[in-house]
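First to last, the protein sequences are chains A and B. The working numbering runs 8 ahead of the 1-based position in the first sequence. The working numbering runs 6 ahead of the 1-based position in the second sequence. The beta carbon of each residue, even a glycine, is placed where N, CA and C say it ideally should be. In what follows, a single structure is set out as structure tokens and then discussed.
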Amino acid sequence: MAILNVNPTRMELTNLKGKLSTATRGHKLLKDKRDELMREFIDLVRENKEVRREVEAGIAKANQHMAIARSVMSDESLNVALMLPMQEMSLDISEKNVMSVNIPVFDIQYKTADENDIYSYGYSFTSSDLDDAVKALSDIMPKMMRLAEIEKSCQLMAAEIEKTRRRVNALEHVLIPNYQDTIRYIRMKLDENDRATTTRLMKVKDMMLEEAHHYSEREQ
Amino acid sequence: MYKVAVIGDKDSIYGFASIGLEIFPCDDPTEAVRKIRNMSEAGYGVIYITEKLASQIETELDVYRERPQPAIIPIPGVQGNTGLGMRNVSKSVEQAVGSDILSDA
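Here it is, written out as structure tokens:
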């Protein structure tokens with residue numbers, strides 16, 4: 009039972025009632041927000057794990073090819089082959105608003121028109137394993153972008169959920185009970201004052217009647 | 007218009023150059039921290055980082071978790087998968103829910 013430090017007056021009571029109803033409405037809204045965020049988040053995290061597994065497998069595959077390519081080619085020729093990339097990738101990032109969290113939406117753009125234009129070398133001096141490695145990476149690239157998108161969204165949403173959860177808890181376990189207790193306290197105090205006034209008036213009335221009619225003397 | 011970067015040891019990230027990502031070979035954690043700071047201000051939307059390097063600068067990477075950009079995504083390097091990426095996902099779940107309710111174990 010924690011009572012706020014206020015004067016037990018009618019005005020405070022009205023104020024507090026207003027605050028309580030605002031707090032209750034806010035609590036309900038925030039709770040809905042938290043639940044909806046949580047629902048979206050769980051779906052997203054599931055997808056995140058799925059995509060991450062695929063990406064990690066894809067990169068492992070590409071690395072295997074790369075290791076073979078490196079073993080059959082000299083370092084110099086490998087460097088030369090990959091030195092000047094054909095492609096250049098850039099991103100357009102727009103934002104999508106999910107329950108007031110701005111999550112990013114990526115839009116990949118390639119410099120060259122044909123996005124399969126990935127081999128930055130002639131085929132005469134390179135191993136075919138290098139082709140495989142580059143191809144494997146290129147295949148996994150859309151997944152990697154999706155992974156980046158989802159993972160960032162998850163991180164942002166996790167932060168927002170944590171914040172919202174704290175707010176909900178603060179309202180539910182601190183603010184609202186405090187208001188309720190204080191309102192009850194003020195109401196009791198006012199009622200008590202009322203009763204005190206009534207009894208005082210009755211007493212005064214008795215005394216005045218006694219003064220005027222001298223009941224107690226007449227009884228004797 | 008944002009750019010995409012890959013940072014990590016040279017062998018792990020070399021292939022990404024061919025598909026149009028910018029590569030920043032780097033082995034030294036302090037150097038990596040400096041590079042990532044520069045990149046975050048130079049308009050990089052996504053930075054892929056090898057798990058090995060990421061594990062050495064985890065506190066620095068946590069700073070970027072709540073920023074809208076850049077998205078810093080750990081990927082396995084040639085040394086193999088250390089599971090850091092998955093742990094990162096679990097970390098998000100833990101932050102949001104309180105405990106990792108979606109772990110496979």
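Which listed residue (B:9, B:71 and B:34) has its alpha carbon closest to that of residue 94 of chain B = B:71
ask   = So, is residue 108 of chain A buried or exposed, given that buried needs 16 or more other C-beta atoms within 10 angstroms?
value = exposed
request  = Using three-state DSSP, classify residue 119 of chain A as helix, strand or coil.
outcome  = coil
key: Cutoff 7 angstroms; reference residue 55 of chain A; Cβ partners in own chain excluding five residues on either side   = 158
Cβ distance (whole Å) where residue 78 of chain B is taken to contact residue 38 of chain B below 8 angstroms = Rounded, the Cβ-Cβ distance is 11 angstroms, inconsistent with contact.
message = Along the segment 58 to 86 of chain B, where does the CB come closer than 8 angstroms to a CB of chain A? Name the residues.
response = 71, 72, 74, 75, 77, 79, 81, 82, 83, 84 and 86
request  = Taking residue 98 of chain B as the query, report the chain A residues whose CB atoms sit under 7 angstroms from its CB, ordered along the chain.
outcome  = 53, 162, 163 and 166, listed in chain order.
ask   = So what does residue 54 of chain B bridge to, in DSSP terms?
value = For residue 54 of chain B, which the question treats as bridged, DSSP gives the partners B:12 and B:79.
task = Taking the CB atoms as reference points, tell me whether residue 54 of chain B and residue 75 of chain B lie closer together than 9 angstroms.
result = no
task = Taking only the alpha-carbon atoms, compute the straight-line gap between residue 141 of chain A and residue 133 of chain A and give it to the nearest angstrom.
result = 16 angstroms
request  = Consider the Cβ of residue 40 of chain A: report whether some Cβ of chain B lies at a distance smaller than 9 angstroms.
outcome  = no
task = Report buried or exposed for residue 207 of chain A, applying the criterion of at least 16 other Cβ atoms within 10 angstroms of its Cβ.
result = exposed
query = Hey, would you say residue 116 of chain A sits closer than 9 angstroms to residue 150 of chain A, going by beta carbons?
reply = yes
Limits of the unbroken alpha helix (DSSP H) element including residue 28 of chain B = Looking at the DSSP string, residue 28 of chain B is not in any alpha helix (DSSP H); the run it does join, the beta strand (DSSP E), is 28 to 31.
task = Show which residues of chain B have a CB atom less than 8 angstroms away from the CB atom of residue 99 of chain A.
result = Under the 8 angstroms cutoff, chain B gives 7, 8, 9, 10, 51 and 52.
task = Whole angstroms is fine: what's the gap from residue 63 of chain B's alpha carbon to residue 175 of chain A's?
result = 31 angstroms
request  = Would you be able to state if there are at least three C-beta pairs under 8 angstroms between the segment 61 to 81 of chain A and the segment 84 to 94 of chain B?
outcome  = Of all C-beta pairs linking the segment 84 to 94 of chain B to the segment 61 to 81 of chain A, three or more are shorter than 8 angstroms, placing the two stretches in contact.
Through-space distance from residue 170 of chain A to residue 101 of chain B, alpha-carbon basis = Going by the C-alpha atoms only, they are around 6 angstroms apart.
task = State the DSSP-derived secondary structure class of residue 99 of chain A, mapped to helix, strand or coil.
result = Note: residue 99 of chain A maps to strand in three-state DSSP.
ask   = Thinking C-beta only, is residue 53 of chain A closer than 9 angstroms to residue 155 of chain A?
value = no
Candidates B:22, B:45, B:96 and B:9: closest to residue 148 of chain A by CA position = B:22
request  = Compute the Euclidean distance between the alpha carbons of residue 25 of chain B and residue 106 of chain B, then round it to the nearest angstrom.
outcome  = Roughly 35 angstroms between the two C-alpha positions.
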